[in-house]
Structure formats: C-alpha cells, structure tokens
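Per our numbering, the sequence shown runs over residues 407 to 785. First comes the structure, then the notes that go with it.
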Amino acid sequence: MSDVDLGPKSGALLFNSLKDKNSIILAANPRIALVSKGIFQAAKDMDAALIVELARSECDLKGGYTGLNPAEFSRRTNETAREVGFDIWALHADHIGIKKGTPEDIEGTKELVSGQIDAGFTSFAIDASHLFNFQGGDLREELADNINATTEVGRHIEEKMAGRGYGLEVEVGEIGREDESGRVLTSPEEGVTFITALNENGIKPHVLAIANGSAHGNTYDAEGNLIEQVSIDIPRTMAVAKALRDHNLDVRIAQHGITGTPRDLIHNYFPHGDVVKGNVATFYQNMVWDLFKVYEPELYSDIWNWTLENYREQGKGKSDNEVFGKFSKMAIKQFFDRIYSVGEDTKQAITALAYAETLVFLKAFNAGGTAQIVRDSMK
Ligand SMILES: [Zn+2]
C-alpha cells in the first residue's frame, strides 16, 4: 500500500463514479473525532467509498462547536486515513450556511471556504436554503436569493480550486422547516427550477439536498421520549430525482438527517441511486454519550449538567432528555480536553462500536465494493 495515495479524493470523482450504481455514499460526521477510526476501518473492510464531513456551525475558522477548525479537522482525518490505510474518501464541508445573504455574510463565507480549500477539503455543500422569498411571484423569484448566493460562493470555490476537481452539493428547501400543516417538502418543480438556474450561471452541482421530511438530530415524541424517525417521504424524494433526470439535469439527491431512521427501512425502501449521499451525524454523537455513561460516568454527568444548566431556558417545556439530546453538541468544545483524553479502554470501545454501526450503515446503503468502482474510474 506504500505507493497508494491515502489523501482525500475529489468529491466529483466519487459522485460521478457512483451516481448510477444503486448505492448511497455514507457521509459520516465525526463531530467527536474519536469515532473516525472505526468509521474508516469499516469503510476499508467493506471497500466502500466514504465522505467525512462537518458543518460550518461545527467547524469554522474559530473552531465551531466541535472545537475543530478546518485545518485541524483535516489533519486529524488524514492521520486516521493513513493509520487505517484507506484511500477512497472525500473531505466535505457540510452546510456552508448562508443565513442572511448580505455582502458581509457572503464575504465571511468566502473566507471560510478559502480556509477549507487551504486545509485540503475536496467537496463543498453550499446551503443558502434559508434565503427564501415568501413574497416571490413565482418559483424563480422565491428562490432568487438562494440562487444568487449559491452562485457567488460557487464561483469562489471554482476560482480557488484552480482547475482541481471537487464535489459540489447545494440545497433547496430548508431541512426540517415546519408550517401549520407540518414539514414543508421540496417540490419537483422547485428542484428543477433551482438547478436549471444554477447551471445557467455556470454552477454544476453533483448533489442536491432537499427538504423531504427528515430533520437534523434526534426525534422525540410529545412526552420527550427518543423515537425512530420514519418521516422521510420516499415517493416525494423519487419524484424530485425523476424530475431532475427528465430535464437532463445531472444531479442526484443528498439525504440529510438520517439519525433515527431504521436501517432496515433504508436498506429495503430507500431509492439507492436517486439518493447518492446519506448524512449520518448525531447518531455517532449519541453513541459516544451512551458509552460515556458506562466508561466515563463522571465526565458524562458533568456534560449532562452543563448542558441542562446552559440550555434549560432554550429548551423550555421539553424533558431533560430532549434538552440534552438537542443541545449536548454544544458541550463538545466546552469539554474538548476531557473528551479527547478519555481512557484507552473508552477509545477502544468507541472504535469498536463505530466500526460495527458503520458496517450496518454501509450495508443498508448498499455501499460495499463502491471504492473499487471509484478506483477503476481513476485509471
Ligand atoms: Zn444537514
């Protein structure tokens, strides 16, 4: 393996090689980076192409809520890839969120993207889905601010990458947004209008994130009990993918917010190939917290208490359980040193569990063998 390049590969290479292979690429979020080794080991053993990603909120130039800036996240992930000896992975910037779309907002976003590119990121998700004009006369007007912001940041990526390949994800329809009648879903026309406009502007995304009934993070019932998420609208997802194909738009779907979705449902019913990227984030965080209960009870209890003390107000009316489930991610930076200096036995258990759980995801995603398909297309 000594002459094999174990650095991150272009997201474009992964998406283009695998877009019609009836499989989903796992996009794993190592918010607590101790899970990375098990994830890489599983990808290696299944020979499954892998995307590793953190969102802007988690990993910005100041470190975000994980305490990892792009350079540090990249350094750690590259180290893990070398340690495990796995080659077919991309380093992806998830949710490069543009919330206001003001000139300052766009400039700050470009600075972040420049930092990500300098750190060696090979794939990018521009998310200006919050910029929706409810007063717009037609779809194009409603989406105009999203289209403009995505175009501007997309052009910056193109310029900074200077001819090197990279993956591009864009987003239409804010994931998890609700109105009086429930979750708002992206329509096929919306997807087509958005991608057509971007292509006209010279922006050619590989994957599109849509609002299709999932939400980020954990799902709770009215009493605050953690429950499965079975709300992803599969027929709608397939309809959006079909509309894109029917309009000759070379874009597939990125599924966000998979945590809580039963793996048998993914395996047996998800439209693999329409969905080509599947994001799994909070799942891994839950896994670490559960292990801490047994292996690091004092640390767990301190994280629990800190979260409830600081977020009780924001989570008003919710059970302790739910407040912890929704806001404990904010404790990662706060407890950074203690989390990363847990005992070897704890780290071993995290690696073992992350490995096993990732195997199950890769199986459910029909991802076994996809790394070889990517290697073959590099020849
Ligand atoms: Zn997401």
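Quick reminder that beta carbons are idealized off the backbone N, C-alpha and C, glycines included.
With distances taken Cα to Cα, identify the nearest neighbour of residue i among the options.
{"i": "D590", "options": "G569, G623, G619", "result": "One point to set straight first is that residue 590 is Val, not Asp, in the sequence displayed. Among G569, G623, G619, the Cα nearest to that of V590 belongs to G619."}
{"i": "R462", "options": "L412, D533, F446, A418", "result": "D533"}
{"i": "K415", "options": "V519, K450, N631, G526", "result": "G526"}
{"i": "H662", "options": "H673, R651, V681, R669", "result": "V681"}
{"i": "G630", "options": "S725, E489, T592, Y761", "result": "S725"}
{"i": "F600", "options": "N435, T556, H622, G623", "result": "T556"}
{"i": "G417", "options": "D696, N674, G588, A660", "result": "A660"}
{"i": "R437", "options": "L424, G679, S480", "result": "S480"}
{"i": "L537", "options": "D466, E548, T757", "result": "E548"}
{"i": "L412", "options": "G582, L420, D493, E763", "result": "D493"}
{"i": "A487", "options": "N422, L424, G444", "result": "G444"}
{"i": "E464", "options": "K648, L518, Y717", "result": "L518"}
{"i": "F767", "options": "N422, D670, F733", "result": "D670"}
{"i": "L497", "options": "Y746, E575, F730", "result": "E575"}
{"i": "D627", "options": "A758, N727, D585", "result": "N727"}
{"i": "G521", "options": "A647, P476, N685, A448", "result": "P476"}
{"i": "S593", "options": "Y690, S707, M644, V559", "result": "M644"}
The alpha helix (DSSP H) with residue i in it runs from where to where?
{"i": "K739", "result": "737–740"}
{"i": "A603", "result": "594–606"}
{"i": "R570", "result": "Looking at the DSSP string, R570 is not in any alpha helix (DSSP H), and its letter there is neither H nor E."}
{"i": "V519", "result": "509–524"}
{"i": "I638", "result": "First-last for I638: undefined, no H or E at that position."}
{"i": "V490", "result": "476–490"}
{"i": "D453", "result": "Looking at the DSSP string, D453 is not in any alpha helix (DSSP H), and its letter there is neither H nor E."}
{"i": "N727", "result": "726–733"}
{"i": "L549", "result": "Segment: none, L549 is in no alpha helix (DSSP H) and carries neither H nor E."}
Start and end of the beta strand (DSSP E) containing residue i?
{"i": "E577", "result": "573–578"}
{"i": "E459", "result": "456–461"}
{"i": "I504", "result": "No beta strand (DSSP E) holds I504; DSSP gives it neither H nor E."}
Under the three-state reduction of DSSP, which class applies to residue i: helix, strand or coil?
{"i": "K425", "result": "coil"}
{"i": "L467", "result": "coil"}
{"i": "D498", "result": "Before going further, note that residue 498 is His rather than Asp in the sequence given. The answer is strand: DSSP assigns H498 an E or B state."}
{"i": "H536", "result": "coil"}
{"i": "F771", "result": "coil"}
{"i": "Q778", "result": "helix"}
{"i": "Q720", "result": "coil"}
{"i": "Q661", "result": "strand"}
{"i": "V613", "result": "strand"}
{"i": "H622", "result": "coil"}
{"i": "F676", "result": "coil"}
{"i": "S529", "result": "strand"}
{"i": "Q541", "result": "coil"}
{"i": "P703", "result": "helix"}
{"i": "D696", "result": "helix"}
{"i": "N711", "result": "helix"}
{"i": "L765", "result": "helix"}
{"i": "D411", "result": "coil"}
{"i": "S442", "result": "helix"}
{"i": "S416", "result": "coil"}
In the DSSP assignment, what residue or residues form a beta bridge with residue i?
{"i": "N654", "result": "Beta-bridge pairing links N654 to no other residue."}
{"i": "N685", "result": "A433"}
{"i": "E584", "result": "R589"}
Output the distance between the C-alpha atoms of residue i and residue j, rounded to the nearest integer angstrom.
{"i": "E715", "j": "V410", "result": "49 Å"}
{"i": "V598", "j": "T515", "result": "25 Å"}
{"i": "T625", "j": "K785", "result": "44 Å"}
{"i": "A687", "j": "D544", "result": "35 Å"}
{"i": "Y471", "j": "R744", "result": "15 Å"}
{"i": "R781", "j": "L456", "result": "13 Å"}
{"i": "D751", "j": "Y701", "result": "8 Å"}
{"i": "H653", "j": "F742", "result": "47 Å"}
{"i": "Q754", "j": "L697", "result": "11 Å"}
{"i": "L467", "j": "E565", "result": "20 Å"}
{"i": "P641", "j": "S429", "result": "18 Å"}
{"i": "H612", "j": "I756", "result": "33 Å"}
{"i": "L694", "j": "G623", "result": "According to the sequence as given, residue 694 is Val; it is not Leu. If I take the Cα positions, the gap works out to 15 Å."}
{"i": "I400", "j": "G473", "result": "What the structure shows of the chain is the stretch from 407 to 785, and residue 400 is not part of that stretch, so it cannot be assessed."}
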